[in-house]
Amino acid sequence: MSTYRVAQVADVGGSFEVVERDVPRPGPGHVRVAVEACGICHSDAMFVNAALPGVRFPLVPGHEIAGRIDELGEGTQSTGWQVGDRVAVGWFGGSCGHCAPCRQGDFVLCLNLKVPGWAYDGGYAEAAVVPVDALARIPDALAAADAAPMACAGVTTYNGLRTSSARPGDLVAVLGIGGLGHLGVQYAAAMGFETVAIARGADKADFAKQLGAHHYIDSTAGTPVADALQSLGGARVVLATAANSAAISATVDGLSHRGELVVIGADTEPLRIAPVQLLMRARTVRGHPSGTAQDIEDTMAFSALQGIRPMIETAPLGRADEAYRRMLSGTARFRMVLTTGTG
33 MSTYRVAQVA DVGGSFEVVE RDVPRPGPGH VRVAVEACGI CHSDAMFVNA ALPGVRFPLV
93 PGHEIAGRID ELGEGTQSTG WQVGDRVAVG WFGGSCGHCA PCRQGDFVLC LNLKVPGWAY
153 DGGYAEAAVV PVDALARIPD ALAAADAAPM ACAGVTTYNG LRTSSARPGD LVAVLGIGGL
213 GHLGVQYAAA MGFETVAIAR GADKADFAKQ LGAHHYIDST AGTPVADALQ SLGGARVVLA
273 TAANSAAISA TVDGLSHRGE LVVIGADTEP LRIAPVQLLM RARTVRGHPS GTAQDIEDTM
333 AFSALQGIRP MIETAPLGRA DEAYRRMLSG TARFRMVLTT GTG
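Just add 32 to the spot in the sequence shown (first one is 1) and you have the numbering used here.
Shown next as structure tokens:
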């Protein structure tokens, strides 16, 4: 194969078009992945709209990549990876290895993090060249279309919970049961937490229970969310997946003493939290980024073990623009995934 297809945006805020390019060769320390599936993440809109510095056009987004290695670059033969290995690549698309976070082993906070679609062409394509340190091994039990969202949405929710202060039996609330939250509820229940799902509308209660939630709070019911959480004993952890600062702020008083608010839903509006809300009960608020390649492997292994899968809608690469617009509209249930037909 001398050419391959990519779905690219030519200009800021433009539509996706599928074009052919010459197949790239992986350089030193890189491999080429034959992409089988790539999730469409809401953060891709930040790249399409040039809301982040250094975005270059034409742009090929995609940081939820699943596929197989089809060529090894120089220096990667001794890393244990082989042609044909099933791999995933997420928001963590490689690190520099020399900045302060990297030197401290905190690679996901690398100051020069190589996010696919930002640092290099992403997975809205039939192939992608990626740094070898970005690779996560996909377990046999996961199909490519299910593995792809695990590389961002999955690892973010899973890691946000497993690095929290919650322990099995603790009350843990998941705010939002959309693209992130529907995974968060499944992970929380599988980790042994008494799981509370919080969303808008009484009609979502049955769905929340199907995901494994023990309790459901309708944030539109009239009772403040914080009061509803306190009636259950107070949440040790609230995993805030909804990208809504007002809704996130409304959960703080629902935390128990030394409770923890873990924010993974991205909103540009400030949180409205008074210092006294934190001081008097020794509560904490922290943001949580995605996860390293090892974290992605852990997420996929746990998902395979517990039978956890993302709810997805698939579309062929040729319909990338339609699939992207469906993601933006909020009508997808719950993750859009592009497929290439090569799996």
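All C-beta atoms, glycine included, are put in the ideal place defined by N, C-alpha and C.
Residues sharing a beta bridge with residue i, DSSP
| i | result |
| --- | --- |
| E49 | Q40 |
| G319 | V295 |
| H247 | V228 |
| P148 | Y152 |
| T35 | D54 |
| A168 | A120 |
| R367 | I344 |
| L143 | In DSSP, L143 forms no bridge with anything. |
| L212 | According to DSSP, which records beta bridges pairwise, L212 is partnered with nothing at all. |
| L287 | A267 |
Cβ shell of residue i (< 6 Å), same chain only, five flanking positions each side left out
| i | result |
| --- | --- |
| V317 | L293 |
| F3 | The structure shown does not extend to residue 3, since the chain is modelled only from 33 to 375, so the question has no answer here. |
| S197 | E292 |
| A229 | V206, I209, V217, A240, A245, Y248 |
| A258 | D285, G286 |
| Q338 | A222 |
| E345 | A364, M368 |
| L143 | C131 |
Terminal residues of the alpha helix (DSSP H) in which residue i lies
| i | result |
| --- | --- |
| A333 | 325-338 |
| C134 | 132-135 |
| V206 | First-last for V206: 203-207, but that is the beta strand (DSSP E), not the alpha helix (DSSP H). |
| A183 | Unbroken run through A183: none, as it is neither H nor E. |
| M78 | 76-80 |
| Q309 | 307-311 |
| A279 | 277-281 |
Proximal residues to residue i (C-beta, below 7 Å), its chain only, five neighbours per side dropped
| i | result |
| --- | --- |
| D299 | A275, N276, S277 |
| A355 | I72, A347, M368, L370 |
| A279 | L207, S251 |
| R53 | T35, Y36, V38 |
| A314 | H289, R290 |
CB of residue i within 8 Å of CB of residue j, strictly
| i | j | result |
| --- | --- | --- |
| I249 | S281 | no |
| A352 | A177 | no |
| S251 | W123 | no |
| V270 | L207 | yes |
| A39 | F89 | no |
| H214 | F334 | no |
| T227 | A245 | yes |
| V50 | L349 | yes |
| V115 | E106 | no |
| W150 | L84 | yes |
| G211 | A166 | no |
| G61 | T108 | yes |
| Y219 | I340 | yes |
| M332 | I170 | yes |
| A66 | G99 | yes |
| T273 | T189 | yes |
| G45 | V87 | no |
| V162 | P148 | yes |
| G201 | G224 | yes |
| H74 | N191 | no |
| A180 | A168 | no |
Cut-off 8 Å between Cβ atoms - residues of its own chain near residue i, not counting five sequence neighbours on either side
| i | result |
| --- | --- |
| G266 | L203, G286, L287, S288, H289, G291 |
| M343 | H214, R365, F366, R367 |
| G112 | none |
| G137 | none |
Extent of the continuous beta strand (DSSP E) to which residue i belongs
| i | result |
| --- | --- |
| A120 | 118-121 |
| R232 | Taken as a continuous stretch (DSSP letters only), R232 belongs to no beta strand (DSSP E), as it is neither H nor E. |
| H101 | Correcting the residue type first, residue 101 is Ile in the shown sequence and not His. Note, I101: beta strand (DSSP E), 97-104. |
| G71 | 62-72 |
| I344 | 344-348 |
| A160 | 159-163 |
| M359 | Careful: M359 lies outside any beta strand (DSSP E), inside the alpha helix (DSSP H) at 352-361. |
| V269 | 267-272 |
| L91 | Unbroken run through L91: none, as it is neither H nor E. |
| L264 | Unbroken run through L264: none, as it is neither H nor E. |
Contact test: residue i Cβ vs the ligand GTP heavy atom, cutoff 7 Å
| i | result |
| --- | --- |
| A237 | Inclusion of the ligand GTP in the displayed structure is not the case, the ligand content being empty and no account of it being possible. |
* Asked: Taking one C-beta from the stretch 287-298 and one from the stretch 127-144 each time, how about it: are there three or more such pairs within less than 8 Å?
  -> no
* Counting pairs of beta carbons, one from the stretch 92-101 and one from the stretch 146-158, are three or more of them closer than 8 Å? -> yes
* Decide if the stretch 100-120 is in contact with the stretch 174-191; the criterion is three or more beta carbon pairs, one per stretch, under 8 Å apart. => yes
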